[in-house]
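Undergrad: Residue numbers (our numbering): 3 to 362.
Cβ coordinates follow ideal geometry from the N, Cα and C atoms, glycine included.
This one's a predicted model, so the numbers in the text were calculated from it and none came from an experiment.
In structure tokens form, the structure reads like this:
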């Protein structure tokens, strides 16, 4: 019996939109480079956030869904978190098809549950070195507007107000609790004070590791006084927008033992213009990425709501949006880009209208 196992965490996985257009001209196996697959072969369990439903198509979804034919790529993962703001994009049919496809591929999931079954039960990784609980949850403000009645996502507030983490902590066969939290603001590596406080509360409640997605950027890491660890952003692992700030991602690897989780190493990945995910092996680039994480981590120990940090965060968002628009014009053309921007504007107006209606 192995006394230790390893578990790695990848960022967002989204096989939709422009990814499908690029994928038509090559084989699916080439999405992950051979060097990266060799490193992954030495990791016992890989976990990621599945940022799109798996479905055959639905008018509500537009082009933000993964056809089942592409789901084979997910077999590299032990478990996917479905607790995010896109899982209901294809409605109830999409949720059912996503779960059925993952079950068929023998890929686990966490974060979403049927309202007819037991609530909030986590996914358990049954390692020979000790069992790990995986709990996917979402920040309340990001709960999807197209949520369906038959399924629910575990909300952050419900997890914080429950005794689930402490109950799991008391089980002798659970050596560590991992919370996969979808929260925060998009397109900035700087978490808000509210998010930092919520993540720290999860550790106090019994989480040993909190991994946050939704920003699409690599962010800082933090060790808490209670001995837990918080990773505020791993970046996009498989995604379709290879623009400045979103090409790189990190894959932190931990050892599992009877004493819990211990940090082992970080792998860095980077997507090319054809969306291939490569292992970063250049030492100079690795040092640069390490310094970036250290910089963001240091800011976490200061006040995340400081004016300077808020201004820099806004600049990150604007810089990304400008980079994305320029990339779309080059790859899709001016007219397609304008249609996309108008669609974004319409969704924003609709969301504001729904919000105002809810306050009446």
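Along the chain, where does the alpha helix (DSSP H) that runs through residue 103 open and close?
TA: That run of the alpha helix (DSSP H) goes 93-106.
Undergrad: Let's test the definition: count the other Cβ atoms within 10 Å of the Cβ of residue 361 and tell me whether it reaches 16, buried, or not, exposed.
TA: Residue placement at residue 361 cannot be trusted, given a pLDDT of 44 that sits under 50; what the coordinates show is reported in the next sentence. Classification of residue 361: exposed, given that the 10 Å Cβ count is below 16.
Undergrad: State the DSSP-derived secondary structure class of residue 70, mapped to helix, strand or coil.
TA: Helix at residue 70.
Undergrad: By Cβ distance, which residues of its chain are closer than 7 Å to residue 14, with the 5 residues on each side in sequence left out?
TA: If we look at residue 14 and ignore the five residues flanking it on each side, its Cβ neighbours are 51, 53, 215, 218, 238, 239 and 241.
Undergrad: List in chain order: all unbroken beta strand (DSSP E) runs of 3+ residues lying wholly within the stretch 267-299.
TA: The qualifying runs are 279-281.
Undergrad: Nearest CA to the CA of residue 270: which residue from 143, 277 and 282?
TA: It is 282 whose Cα lies nearest to the Cα of residue 270.
Undergrad: Is residue 210 helix, strand or coil by DSSP?
TA: Reduced to three states, the DSSP call for residue 210 is coil.
Undergrad: Please report how far the alpha carbon of residue 171 lies from the alpha carbon of residue 179, in whole angstroms.
TA: Cα-Cα distance, rounded: 7 Å.
Undergrad: Alpha carbon to alpha carbon, how far is residue 18 from residue 71?
TA: Each residue's Cα considered, the two are about 12 Å apart.
Undergrad: Could you check whether residue 80 and residue 48 sit closer than 8 Å to each other, using their CB atoms as the reference points?
TA: In this structure, residue 80 lies closer than 8 Å to residue 48 by Cβ.
Undergrad: What span of residues does the beta strand (DSSP E) with residue 179 cover, start to end?
TA: Run containing residue 179: 176-184, per the beta strand (DSSP E) assignment.
Undergrad: Are residue 132 and residue 156 touching if we call contact CB-CB under 8 Å?
TA: Contact flag unset, no.
Undergrad: Drop a sphere of 10 angstroms on the beta-carbon of residue 224, count the other beta-carbons inside from all chains shown, and report buried for 16 or more, exposed for fewer.
TA: Result: buried.
Undergrad: Between which two residues does the alpha helix (DSSP H) containing residue 159 stretch?
TA: Unbroken alpha helix (DSSP H) run through residue 159: 158-163.
Undergrad: For residue 200, which option in 233, 39, 103 and 265 has the closest C-alpha, if you only look at C-alpha atoms?
TA: Looking at the Cα atoms, 233 is the closest of the given residues.
Undergrad: Name the two residues that bound the continuous beta strand (DSSP E) containing residue 224.
TA: That run of the beta strand (DSSP E) goes 223-225.
Undergrad: By Cβ distance below 6 Å, which residues in the same chain neighbour residue 302 in space, the five residues on each side in sequence not counted?
TA: If we look at residue 302 and ignore the five residues flanking it on each side, its Cβ neighbours are 222 and 224.
Undergrad: Using DSSP bridges, identify the partner residues of residue 140.
TA: Answer is 157 and 184, bridged to residue 140.
Undergrad: Three-state secondary structure (DSSP) at residue 220?
TA: Looking at residue 220 - three-state DSSP - the assignment turns out to be strand.
Undergrad: With DSSP run on the structure shown, which of helix, strand or coil describes residue 15?
TA: Looking at residue 15 - three-state DSSP - the assignment turns out to be strand.
Undergrad: Under a Cβ-count criterion, where at least 16 other Cβ atoms within 10 Å of its own Cβ denotes burial, should residue 190 be classed as buried or exposed?
TA: Per the 10 Å Cβ criterion, buried.
Undergrad: Is there contact between the stretch 84-103 and the stretch 191-210, where contact requires at least three CB pairs shorter than 8 Å?
TA: Short answer: they don't touch.
Undergrad: Starting from the C-beta of residue 268, find all residues in its chain whose C-beta is less than 6 Å away, skip the five residues before and the five after it, and write them out in chain order.
TA: The answer, listed in chain order, is 252 and 254.
Undergrad: So, are the CB atoms of residue 107 and residue 73 less than 8 Å apart?
TA: Their beta carbons are under 8 Å apart, which means residue 107 touches residue 73 by this criterion.
Undergrad: Which word fits residue 86, buried or exposed, when buried means at least 16 other C-beta atoms lie within 10 angstroms of its C-beta?
TA: It is buried - the Cβ of residue 86 has at least 16 other Cβ atoms within 10 Å.
Undergrad: According to the Cβ coordinates, are residue 209 and residue 182 closer than 8 Å?
TA: In this structure, residue 182 does not lie closer than 8 Å to residue 209 by Cβ.
Undergrad: Quick one: what's got a C-beta closer than 6 Å to residue 161's C-beta in the same chain, skipping five residues either side?
TA: Within the same chain, residue 161 has close Cβ partners 139.
Undergrad: Can you pull the DSSP bridge partners for residue 51?
TA: Note: residue 51 sits in a beta bridge opposite 14 and 83.
Undergrad: Output needed for residue 46: all residues of its chain with C-beta closer than 6 Å, excluding positions within five of it in sequence on either side, in chain order.
TA: Excluding sequence neighbours, residue 46 sits near 7 and 8.
Undergrad: Under a three-way DSSP split, which group does residue 171 fall into?
TA: Reduced to three states, the DSSP call for residue 171 is helix.
Undergrad: Look at residue 280 and residue 35 and say whether their C-beta atoms are less than 8 Å apart.
TA: Against a cut-off of 8 Å, the Cβ pair of residue 35 and residue 280 comes out as a contact.
Undergrad: Quick one: is residue 207 buried, meaning 16 or more other Cβ sit within 10 Å of its Cβ, or exposed?
TA: Classification of residue 207: buried, given that the 10 Å Cβ count is 16 or more.
Undergrad: Once you ignore the five residues that flank residue 1 on each side, which residues in its own chain have a CB closer than 6 Å to its CB?
TA: What is shown of the chain runs 3 to 362, which leaves residue 1 out entirely.
Undergrad: Output yes or no for whether 8 Å exceeds the beta carbon distance between residue 134 and residue 99.
TA: No, these two residues do not count as a Cβ contact at 8 Å.
Undergrad: Got a sec, what are the start and stop residues for the beta strand (DSSP E) residue 238 sits in?
TA: Element bounds for residue 238: 238-240.
Undergrad: Could you check which residue in 75, 103, 284 and 66 has the C-alpha nearest to that of residue 90?
TA: Closest by alpha carbon: 66.
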